[in-house]
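Peer 1: My numbering numbers the first residue of the sequence shown as 327 and each following residue consecutively. Note that the Cβ used here is the ideal one computed from N, Cα and C, for glycine as well. Bear in mind that the values here come from a model prediction, so they are computed numbers and not experimental data.
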Amino acid sequence: MSHLSQSDLEIAQLLETELHRQRDGLEMIPSENFVSRSVLDALGCIGTNKYSEGYPGMRYYGGCKNVDAVENIARERAKALFGVTHANVQPYSGSPANQAVYFALLDPGDTVMGMHLYFGGHMTHGLPVNFSGTIYRSVQYQSRPDGYLDLDAMAEMAKKEKPKMIIVGATAYPRQYDWKPLKEIADSVGAFLMADISHIAGLIVAGAHPSPVGIADVITTTTHKTLRGPRGAMILCNGNESTPLKKVERSRENIPTLIDRAIIPGLQGGPHNHQTAAIAVTLKEAATPEFNVYGHQIVKNAKALAETLLELGYELVTGGTDNHLILVNLTNKGISGKEAESVLDAVGITVNKNTVPFDPRKPFDPSGIRMGTPALTTRGFTETDMKQVGRLIHQALSEGMGSEAKQQEIKMNVKELADTHPLYPDLSYLG
Ligand code: DSN
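#1: Alpha carbons only, please: which of A731, D711, Y750 is nearest the one belonging to L743?
#2: Looking only at C-alpha atoms, which of G646, N649, V682, I675 sits nearest to S662?
#3: Within the continuous alpha helix (DSSP H) that includes T583, where are the two ends?
#4: Taking contact to mean at least 3 C-beta pairs separated by less than 8 Å, is the stretch 702 to 710 in contact with the stretch 610 to 630?
#5: In whole angstroms, what separates the C-alpha of I695 from that of N566?
#6: Quick one: what's got a C-beta closer than 7 Å to E709's C-beta in the same chain, skipping five residues either side?
#7: Could you give the DSSP three-state label for I337: helix, strand or coil?
#8: With distance defined between alpha-carbon atoms, name the residue in T699, D671, K713, H535 nearest to Q734.
#9: Where does the unbroken beta strand (DSSP E) through F518 begin, and where does it stop?
#10: If you run the structure through DSSP and keep just helix, strand and coil, what is N326?
#11: Can you name, in chain order, every residue of its own chain whose Cβ lies under 6 Å from the Cβ of I561, other than the five neighbours on each side?
#12: Answer yes or no: the CB of T497 versus the heavy atoms of the ligand DSN, is any distance below 7 Å?
#13: Would you call the stretch 639 to 646 in contact with the stretch 499 to 508, where contact means no fewer than 3 C-beta pairs closer than 8 Å?
#14: Considering V669, what are the terminal residues of the beta strand (DSSP E) in which it resides?
#15: Ordered along the chain, which non-local residues of its own chain (more than five positions away) have a Cβ less than 6 Å from that of Q758?
#16: Output needed for G380: all residues of its chain with C-beta closer than 7 Å, excluding positions within five of it in sequence on either side, in chain order.
#17: Across the stretch 364 to 383 and the stretch 593 to 602, are there enough close Cβ pairs to call them in contact, namely three or more that are closer than 8 Å?
#18: Leaving out the 5 sequence neighbours to the left and right, which residues in its chain are closer than 6 Å to K509 when beta-carbon positions are compared?
#19: On the DSSP bridge assignment, give the partners of L562 in chain order.
#20: When burial is assigned at 16 or more other CB atoms within 10 Å of the CB, is D543 buried or exposed?
#21: Nearest to V427 by CA position, among G409, A632, F408, G452, is which residue?
#22: With burial defined as no fewer than 16 other Cβ atoms inside 10 Å of the residue's Cβ, what is the status of H448: buried or exposed?
#23: On the CB-based measure, 16 or more other CB atoms within 10 Å of its CB, does E353 come out buried or exposed?
#24: Check whether the Cβ of G440 lies closer than 7 Å to any heavy atom of the ligand DSN, and answer yes or no.
#25: Count the CB pairs spanning the stretch 450 to 465 and the stretch 684 to 699 that are closer than 8 Å, and state whether there are at least three.
#26: Can you name, in chain order, every residue of its own chain whose Cβ lies under 6 Å from the Cβ of F408, other than the five neighbours on each side?
#27: For the putative contact between G528 and R557, defined by C-beta atoms under 8 Å, what is the C-beta separation to the nearest angstrom?
#28: If I follow the unbroken alpha helix (DSSP H) through Y428, where does it start and stop?
#29: Return the first residue and the last residue of the alpha helix (DSSP H) that K737 is part of.
#30: Based on Cα-Cα distance, which residue from S464, S421, G420 lies nearest to L432?
#31: By how many angstroms is the C-alpha of T676 removed from the C-alpha of P471?
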C-alpha cells in the first residue's frame with residue numbers, strides 16, 4: 327500500500343478516480359498535457375521542504391547548496407533550449423510571470439496593449455477586472471472577423487494610444503505568429519514587445535512554430551502546456567547579466583535584472599523547489615529529438631482533426647489551424663458552447679466552451695468550443711486516431727444531444743479508443 331492510501335484514503339480514492347477520468351477519456355483542453363513519470367517523480371520530491379528566497383549563490387537561507395544546483399541546471403537548460411541569455415524559472419505560474427513583467431517594465435497607470443480575452447487573449451493581457459486592467463491603463467485589440475490578427479488595426483491603436491508595452495500571445499488563437507511585423511508595431515511607438523508563448527512553447531522548441539527569441543524584448547511561458555512540464559512558468563530574455571545588488575535603469579539591456587527583482591523581492595517569496603526540479607527534468611526531455619517529433623505531431627493531429635470537422639460541416643475560426651488548437655463556432659449547428667462542453671463531458675471528451683470573435687453570446691455560455699491535441703499526442707494518437715476523435719465529437723454533438731443512452735454508447739467507444747493508447751499504465755494511488 328502507498329503511504330497516501332494508508333494515511334488518507336479519501337484523497338487517495340479521489341486521485342484514483344481522477345486518474346481513471348484522465349485515462350479513460352479524451353483530454354482535449356489545448357492548455358493541458360500529460361507529464362512523464364520522471365516529471366511526476368521530481369514534482370513530488372523533497373524540494374517542497376526547503377525555503378530558498380533569492381537566487382542560486384545569493385539566498386536568504388542556509389542549506390541551499392542542492393536547490394542552488396537544481397535551479398542552475400533548470401536555468402541553463404532553459405537558456406540553451408530557447409537560445410536566450412537569461413532565464414528566470416521561479417514564477418509560480420503564468421499569471422505571476424506576466425505580473426512580474428508588468429512590475430519590471432512599467433509604472434502603475436502606464437498603458438499596455440493586449441489582445442481582448444473574448445478574442446483569444448488572456449486575463450493578464452489587460453482584462454479590466456484583472457490587475458493588468460486596473461493597475462495599468464489597458465487598451466485591447468481584437469482580431470479580424472475571420473479570426474486572424476488584425477495588424478493594421480494594431481498599428482493604428484498603437485499609434486493612437488502610445489502603449490509602453492504590447493503583449494502578443496493568446497489562449498485561443500489557432501494560427502502562427504509572424505513576430506517581426508509585431509515588433510515593428512511596438513518599435514514604431516517605442517513600446518516593449520512581450521511575447522506570451524505559454525500555449526506554443528513546446529511547438530517553438532520543436533521547430534513547429536516560429537520563435538520570438540531575438541525579436542520580442544521579453545518572453546513569458548507556462549511550463550505545463552505544450553512544453554509538457556509541471557505547472558509553473560519561466561521568463562526568458564536577453565541583455566546584461568543580472569546584477570542583483572546594483573541599481574539599474576529601466577532599459578532593454580537591463581531586462582534580466584529588472585525581471586529577477588520583480589520576481590523577488592517584488593512579487594514572490596520562496597521558490598517552489600520541487601517545481602523547479604520538475605521544470606529542469608521537463609527541459610531535458612524537451613531537448614530530445616523525440617520531443618521535436620512530438621511537437622510536429624501535435625500540429626499534424628490538429629490539422630487532421632480540423633479537416634474531419636470541416637468535412638462534417640463545422641465552422642472553424644480562421645477556417646482551420648496551424649498550431650495545436652481548434653476553435654469551433656457552433657452557431658450553424660444550433661448548439662451553444664456550454665451545451666457542447668456538457669454533452670462532450672458526458673461521453674468522456676474534455677473540451678472547454680469559448681467565445682469566438684465578435685461573439686454575440688456571453689462568456690459563460692458562448693458560441694464556441696476550444697479543443698487541442700497536445701495531450702492526446704502525448705498518448706501516441708496519430709492523424710488516423712484524430713479522424714476517429716472528430717467523428718466521435720460529431721456523434722456526441724448530433725445523436726448524443728438529449729439521449730443518455732446514446733451518450734453511454736459513445737462513452738464506451740471513447741474508452742475503447744483511449745485504451746488503445748494507455749496512460750500511466752502502472753500508476754495507482756490505491757496500490
Ligand atoms: N487557463 C489557460 C488556458 O486554458 O489557456 C490560460 O492561462
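Peer 2: On the basis of the coordinates in this document:
#1: In terms of CA proximity to L743, D711 leads the group A731, D711, Y750.
#2: For the residues G646, N649, V682, I675, the minimum Cα distance to S662 belongs to V682.
#3: That run of the alpha helix (DSSP H) goes 581 to 587.
#4: Three or more pairs of CB atoms, one per stretch, sit closer than 8 Å, so the stretch 702 to 710 contacts the stretch 610 to 630.
#5: Going by the C-alpha atoms only, they are around 43 Å apart.
#6: Here the set comprises K626, N627, A630.
#7: I337 carries a helical assignment under DSSP once its states are collapsed to helix, strand and coil.
#8: Ranking T699, D671, K713, H535 by CA distance to the CA of Q734 puts D671 first.
#9: That run of the beta strand (DSSP E) goes 518 to 522.
#10: The question about residue 326 has no answer here: the residues shown for the chain are numbered 327 through 757.
#11: If we look at I561 and ignore the five residues flanking it on each side, its Cβ neighbours are N414, A423, T546, I585.
#12: Correct: T497 has its Cβ closer than 7 Å to the ligand DSN.
#13: Touching, yes.
#14: Looking at the DSSP string, V669 is not in any beta strand (DSSP E); the run it does join, the alpha helix (DSSP H), is 663 to 672.
#15: One cannot answer for residue 758 here, as it falls past the ends of the chain, which runs 327 to 757.
#16: Answer for G380: Y386, I590, listed in chain order.
#17: Result yes; three or more Cβ-Cβ pairs closer than 8 Å.
#18: Only L519, I541 meet the Cβ criterion.
#19: DSSP, once it has assigned bridges, lists A413, I545 as partnering L562.
#20: Result: buried.
#21: When C-alpha distances from V427 are compared across G409, A632, F408, G452, the shortest belongs to G452.
#22: Under this definition H448 is a buried residue.
#23: With 16 or more Cβ atoms within 10 Å of its Cβ, E353 is classed as buried.
#24: For G440, the shortest separation between its Cβ and any heavy atom of the ligand DSN does not lie below 7 Å.
#25: Contact between the stretch 450 to 465 and the stretch 684 to 699 is absent, because fewer than three Cβ pairs lie under 8 Å.
#26: Excluding five sequence positions before and after F408, the CB atoms of its chain that fall closer than 6 Å to its own CB belong to V539, L562, given in chain order.
#27: About 15 Å separates the Cβ atoms of G528 and R557, ruling out a contact at the 8 Å cut-off.
#28: Its alpha helix (DSSP H) spans residues 420 to 431.
#29: Element bounds for K737: 730 to 745.
#30: Cα-wise, what sits closest to L432 is S464.
#31: P471 and T676: Cα-Cα distance of roughly 27 Å.
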